[in-house]
Each structure stands twice: as structure tokens, then as C-alpha cells.
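Trainee:
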Amino acid sequence: MAHTKNDILTILGTPIKPGESKEVNFDVANLHTSTPINVPVIIERSKKPGATVLFTAGIHGDEVNGVEIVRQIIAKGINKPKRGTTICFPVINVFGFINLKREFPDGRDLNRVFPGSSSGSLASRVAHKLIHEIVPHADYILDFHTGGSGRFNAPQIRVVKDDEQLNEIAEIFGAPFVLYSKNLNKSFRHTCAKLGKPLLLFEGGKSFHIDDVVTNSGVNGAKRVLNHLNMLNSKFKVSTPKKDCIFISESKWKRAKYSGMFKASAKISSKVQKGDVLGNITDPYGKFNYFVKADNSGYIINVNEAPIVYQGDALFHISTALRE
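In my numbering, the protein residues as written are 1138 to 1461.
#1: If you count every other CB in all the chains shown that lies within 10 Å of the CB of Ile1081, and 16 or more means buried, which is it?
#2: Residue range of the alpha helix (DSSP H) that Arg1208 falls in?
#3: How many whole angstroms separate the CB atoms of Val1165 and Val1263, which I take to be in contact at a CB cut-off of 8 Å?
#4: May I ask you to verify whether the region 1194-1205 touches the region 1151-1166, counting CB pairs closer than 8 Å and requiring at least 3?
#5: If you draw a straight line from the alpha carbon of Lys1394 to that of His1454, how long is it in whole angstroms?
#6: Secondary structure at Asp1432, three-state DSSP: helix, strand or coil?
#7: In three-state DSSP terms, what is Lys1360?
#8: Taking Tyr1422 as the reference, which of Ser1402, Trp1390, Leu1168 and Met1398 has the closest Cα?
#9: Quick one: what's got a C-beta closer than 8 Å to Leu1459's C-beta in the same chain, skipping five residues either side?
#10: For Asn1248, count neighbouring Cβ atoms within 10 angstroms of its own Cβ and tell me buried if that reaches 16, exposed if not.
#11: Nearest by alpha-carbon distance to Phe1310: which of Leu1168, Gly1285 and Asn1357 is it?
#12: Can you tell me the Cα-Cα spacing of Ser1371 and Arg1220, whole angstroms?
#13: For Asn1216, count the other beta carbons within 10 Å of its own beta carbon; 16 or more makes it buried, fewer makes it exposed. Which is it?
#14: Could you give the distance in angstroms between the alpha-carbon of Val1362 and the alpha-carbon of Ile1306?
#15: Would you give the residue range spanned by the alpha helix (DSSP H) that Thr1328 belongs to?
#16: Which residue wins for smallest C-alpha separation from Thr1147, given the options Asp1280, Ile1294 and Arg1182?
#17: Buried or exposed for Ser1261, going by 16 or more other Cβ atoms inside 10 Å?
#18: Using only CA atoms, which one of Ala1330, Ala1443, Asn1175 and Leu1316 lies nearest to Val1161?
#19: Go to Gln1293, then tell me how far its alpha helix (DSSP H) extends in each direction, as first and last residue.
#20: Figure out for me which residue from Thr1283, Phe1163 and His1169 has the closest Cα to the Cα of Val1204.
#21: Out of curiosity, what's the CA-to-CA distance linking Ile1179 and Val1190?
#22: When burial is assigned at 16 or more other CB atoms within 10 Å of the CB, is Ile1445 buried or exposed?
#23: Where does the unbroken beta strand (DSSP E) through Ile1282 begin, and where does it stop?
#24: Where does Ser1407 land, buried or exposed, given buried means 16+ other C-beta within 10 angstroms?
#25: Please determine, among His1265, Pro1313, Asn1433 and Val1296, the residue with the shortest C-alpha to C-alpha distance to Ala1330.
#26: Exposed or buried, what is Tyr1447 when buried is set at 16 or more other beta-carbons lying within 10 Å of its beta-carbon?
#27: When you compare only the Cα positions, how much space is there between Lys1142 and Leu1369?
#28: Whole angstroms are fine: how far does the CA of Asn1290 sit from the CA of Asp1348?
#29: Just reading off the beta strand (DSSP E) that Ala1401 is part of, what are its end residues?
#30: How is the beta strand (DSSP E) around Leu1146 delimited, first residue to last?
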């Protein structure tokens, strides 16, 4: 969607000319106290034509590390493009973010209501507005997430297996891992795929937590993608990933055989061999100690950091097959 010199972009009713910077307000509903909520969307346009990249985070209100990545992209000026346009939307689910809750106040998961409806639930209305008023302007979307409560994700990109364009951009992003996963129905990623909008979903860290390694992986990946599109301002250096990206085509969870107190000893992102001790489950009374062992060799892409686990809880996410 390369723009011409006279191309005016209108987002949420605000016109933005090439060369302009604007902060527009994404508002859907007031708080229950009737206090208005102004959710800023930051738009930076170069005078030179080019692609439009949308950075999003905070679809789940407790996933603050994703918000931190987009915050740094703005604070460092990475979003000021050499050509083209960037749109930064750091906190989509501001209602959840205020309460540090994953869902909306009505309990709905925003990532399960896309493409939404203008007359539906609050989450559905936010989804509808995002899909109709912001997404149409984007050529590429980078959406930042974290793992769930207590479960720490290695920095990773998630894409569908058979999309060549997404595979190429995922490799350019340069996160340590690319995990092939299907698009979930009614998710932001699934809706964007149906609209023909290439979306990279970044996962890293866990909810209620900001981790420097995860943040750096997200920010550096964003820089590499912008650089690939010839949009990155020349004052920024692009780092080469420390090691080649590992594409994981299949993986499975190692689950707790017993309930108890849990301590992981295997490190996130490490490679383990079948039979290696990954951690142990004990009881509070010092009578019982069970060693959790790897069922197969592979990379650890998620570690449960909760101190207490129940039988059947997911402890480690381990790769079982890599891309050939």
C-alpha cells in the first residue's frame, strides 16, 4: 500500500499527511465511573512512500511484556520510518490492562471474538473497531504477546506452516524459535489471515512480568523487519541474531504426574536429551521427591514457573520435530 506524495491517511477520523506524526484516540467506552478512556494510537509517516507496518500489543491485559516492547519501539524512535508509515497500538485491551486482567470486564477473551461486531459485547466492539478502522491500512502486522500466568515462553514467533511470506518474515525477525501453529478460530491472527494481512505473532515471557531478554528479542526483531522493508532509520544498527532461528514443526507438553511443590531445573531455550532431569516435584512434608524427566530430546520453549502444581498441569513445552 505504498503512498503517493498527496496520499492522506485517515485513521479514526484523523487525516495524517506524508511526513506527519499524529496521536489519535481509540475510544470505545468510558469506565464505569463515566471517566473517558483515551487509548493512544501513535502514527508516524515519512515523506517517502513505502509500506505500512502496524505494531500491536495488550490484546490480553495482563501481558505487559508485549506492551513494553511496543513502548520501547516508540520511546527509542524506531517507529519513525525512513519511508512508509508505522502505526503503534501498545494497549488494545486497556480495560484489562487497568485491572491487570487477561480478559475484558465481562470476562470475554478479546482474542476469541474477532472480527467482532459494532453492536456486540464490549470486547466484540473493540475487535470490530480494530479490524475496520486500523487493520485495513496495514501491509504487515507485528502482534506481541506473552505466556500465561506462571508459564514463561522462550521468545518465539508463531506462524502457520505453509505460508511462504510469513516464513520469510519470521526468519528475518530472528527470534530464537519459530513455532508452527494453526490459526485459532476468531483470533486476531486468523481474522488478519482471512483479510490477506500478514501477521507475525510474537510470544515471550509470562504475564505480569517484564523480562529484558524477551523485550530485546521483540525490539530487535521489529528493527530487522523494518530494515528489510527499507523503513528503518539509518541511525539504528541492526544486530544479527546470535544463532540461527530454529523452526519447530511439532511440540508437546510434559505434564505433572503428581501434585506438589514444583521446581524447574532445566533452563528456557535449552536443548535437552531424552531422560534428562528437568525439575522435581516435592511435598511440603519432606517425604516425597519426584524427578521430572524428558520423554524426548528437544528444545524447551516454555517452562512453568509456578511453585505449586497439580497433577496434569503443563510443566514444560518441548519440541518433538524440527522443520526439515
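Each residue gets a CB set at the ideal place from its N, CA and C atoms; glycine is no exception.
Mentor: The answer reads as follows:
#1: The structure shown has nothing for residue 1081, since the chain only spans 1138 to 1461.
#2: Annotation: the continuous alpha helix (DSSP H) that includes Arg1208 extends over Val1201 to Ala1212.
#3: With 8 Å as the limit, Val1165 and Val1263 qualify as a contact, their Cβ atoms being about 5 Å apart.
#4: No, the region 1194-1205 is not in contact with the region 1151-1166.
#5: Spanning the two alpha carbons is a distance of roughly 15 Å.
#6: Correct three-state label for Asp1432: coil.
#7: Helix at Lys1360.
#8: Taking Tyr1422 as reference, the option from Ser1402, Trp1390, Leu1168 and Met1398 with the minimal CA-CA separation is Met1398.
#9: Residues of the same chain with a CB within less than 8 Å of the CB of Leu1459, apart from the 5 flanking positions on each side, are Ile1383, Phe1384, Ile1385 and Ser1386 in chain order.
#10: Around the beta carbon of Asn1248, 16 or more other beta carbons lie within 10 angstroms, which makes this residue buried.
#11: Cα-wise, what sits closest to Phe1310 is Asn1357.
#12: Distance between the alpha carbons of Ser1371 and Arg1220: 11 Å.
#13: With 16 or more Cβ atoms within 10 Å of its Cβ, Asn1216 is classed as buried.
#14: CA-to-CA, the gap between Val1362 and Ile1306 works out to about 7 Å.
#15: Where Thr1328 is concerned, the enclosing alpha helix (DSSP H) stretches over Phe1325 to Lys1331.
#16: It is Arg1182 whose Cα lies nearest to the Cα of Thr1147.
#17: Answer is buried; the Cβ neighbour count reaches 16.
#18: When each option's Cα is compared against that of Val1161, the closest is Asn1175.
#19: Segment Arg1288 to Val1296 is the beta strand (DSSP E) holding Gln1293; no alpha helix (DSSP H) there.
#20: Val1204 has its Cα closest to that of Thr1283, out of Thr1283, Phe1163 and His1169.
#21: Distance between the alpha carbons of Ile1179 and Val1190 is about 12 Å.
#22: Residue environment for Ile1445: exposed (fewer than 16 other C-beta atoms within 10 angstroms of its C-beta).
#23: A small correction: the amino acid at residue 1282 is His; Ile does not occupy that position in the sequence shown. Tyr1277 to Gly1284 is the extent of the beta strand (DSSP E) around His1282.
#24: Burial call: exposed.
#25: When only C-alpha atoms are compared, the closest one is Val1296.
#26: When all chains shown are included, Tyr1447 counts as exposed.
#27: The pLDDT assigned to Lys1142 is 48, lower than 50, so where the model puts this residue is not dependable; a value taken from the coordinates is nonetheless given after this. Straight across, the Cα-Cα distance linking Lys1142 with Leu1369 is about 19 Å.
#28: Straight across, the Cα-Cα distance linking Asp1348 with Asn1290 is about 11 Å.
#29: For Ala1401, the enclosing beta strand (DSSP E) covers residues Gly1397 to Ala1401.
#30: Counted as a single uninterrupted DSSP element, the beta strand (DSSP E) harbouring Leu1146 occupies residues Leu1146 to Ile1148.
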